[in-house]
Amino acid sequence: MKFVQIFLSAAIILFMVPARAQTTIPKGFSKGNIILSDSSILTGYIKDNMKKDASILFINEKGEDKKTFAASDINGAGIDNNSFVCIKGDFFKVISRGELSFLQKSSDASGKPSYNGAEAIFVSGTAGKIGDYFIYNNSSKQLDHVSKKNLSAVAGTAFTGCPAAIEKAGNAQADIALLKDAVDVFNNRNTK
0 MKFVQIFLSA
10 AIILFMVPAR
20 AQTTIPKGFS
30 KGNIILSDSS
40 ILTGYIKDNM
50 KKDASILFIN
60 EKGEDKKTFA
70 ASDINGAGID
80 NNSFVCIKGD
90 FFKVISRGEL
100 SFLQKSSDAS
110 GKPSYNGAEA
120 IFVSGTAGKI
130 GDYFIYNNSS
140 KQLDHVSKKN
150 LSAVAGTAFT
160 GCPAAIEKAG
170 NAQADIALLK
180 DAVDVFNNRN
190 TK
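So the sequence shown is numbered by numbering that gives the first Met the number 0: it starts at 0 and just counts up by one.
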């Protein structure tokens, strides 16, 4: 009788172990991936803490190994159908990608401490506030904050040699989000 109880207990434990593998998305998480600084990619589940503290919480596909990644720790992330790039400790949602990228700020790392051993170093982050738009030149690594006040100057510099993109940028004065069209025109200027 004791043998049967031990056998049944062992069988129940064996059946429960596979059930612990992650089959559903954990509550508060989304399916996604992280691009590490060495360009390797981790796939699993991500909880977006970008607005809260410029970080994301990652759980691997097996539902194990919870780890927090600050924007300063990684190159980017994909959450559901959205791509994010990390620049100077901040997350930016990628709205349009190409030679120039049109980005929207998703975190604010200014004043956030990072540590070099026991020494706290405060990250200055990037200009602007969450929700602001930026143009990023992928070759020069230049990040330009775009506002209604500086739209003409930024467009003139970013879209040099592309009058059609500069003209489109003029239409964005009422709504900076429309600058995406100018970025797309610039990125597609040499394609037919």
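Note that beta-carbon positions come from the ideal geometry of N, C-alpha and C, so glycine has one too.
As the structure is a prediction and not an experimental result, all values here were calculated from the model.
Next on the checklist: Relative to the C-alpha of alanine 157, which candidate in Ser138, Asp174, Ala173 has its C-alpha closest?
Outcome noted: In the sequence shown, residue 157 corresponds to position 158, counting from 1. Alanine 157 has its Cα closest to that of Ser138, out of Ser138, Asp174, Ala173.
Checklist entry - With contact counted as at least three CB pairs below 8 Å, one residue from each stretch, are the region 49 to 59 and the region 93 to 100 in contact? => result The answer is no - the region 93 to 100 does not touch the region 49 to 59, with fewer than three Cβ pairs under 8 Å.
Item to check | Through-space distance from serine 100 to alanine 126, alpha-carbon basis | outcome: On the sequence shown, position 127 is the one that residue 126 refers to. On the sequence shown, position 101 is the one that residue 100 refers to. Whole-angstrom Cα-Cα distance: 17 Å.
Next on the checklist: Using DSSP's beta-bridge definition, name the partner residues of isoleucine 86.
Outcome noted: To locate residue 86, count along the sequence shown from 1; it is residue 87. Beta-bridge partners assigned by DSSP to isoleucine 86: Asp89.
Item to check | Boundaries of the beta strand (DSSP E) in which leucine 221 is found, first to last residue | outcome: Because the chain here runs from 0 to 191, residue 221 falls outside it and cannot be looked at.
Item to check | For phenylalanine 185, the first and last residue of its enclosing alpha helix (DSSP H) | outcome: For this step, residue 185 is matched to residue 186 along the sequence shown. 178 to 186 is the extent of the alpha helix (DSSP H) around phenylalanine 185.
Item to check | Span separating the alpha-carbon of alanine 181 from that of aspartate 143 | outcome: For the purposes of this step, residue 181 is taken as the residue at position 182 of the sequence shown. For the purposes of this step, residue 143 is taken as the residue at position 144 of the sequence shown. One C-alpha to the other measures close to 15 Å.
Checklist entry - For glycine 75, is the classification buried or exposed, using 16 other Cβ atoms within 10 angstroms of its Cβ as the cut-off for buried? => result Position 76 of the sequence shown, counted from the first residue, corresponds to residue 75. Looking at its Cβ environment, which holds 16 or more other Cβ atoms inside 10 Å, glycine 75 is buried.
Checklist entry - Among residues of its own chain, excluding the 5 on either side of phenylalanine 91, which ones have a beta-carbon nearer than 7 Å to its beta-carbon? => result As a first step, residue 91 must be located in the sequence shown, where it is residue number 92. Cβ within range, chain order: Phe83, Val84, Leu102, Gln103, Lys104, Ser105, Phe133.
Item to check | Reduced DSSP secondary structure (H/G/I, E/B, other) of serine 151 | outcome: As a working mapping, residue 151 is identified with position 152 in the sequence shown. In this structure, serine 151 counts as helix in the three-state DSSP scheme.
Next on the checklist: Give the list of continuous alpha helix (DSSP H) stretches no shorter than 4 residues that lie fully inside the region 32 to 59.
Outcome noted: Runs found: 49 to 52.
Next on the checklist: As a quick exercise: from Asn170, Ile129, Asn136, Gly160, pick the residue whose alpha carbon is nearest that of lysine 147.
Outcome noted: Residue 147 sits at position 148 when you count from the first residue of the sequence shown. Closest option to lysine 147, Cα to Cα, is Asn170.
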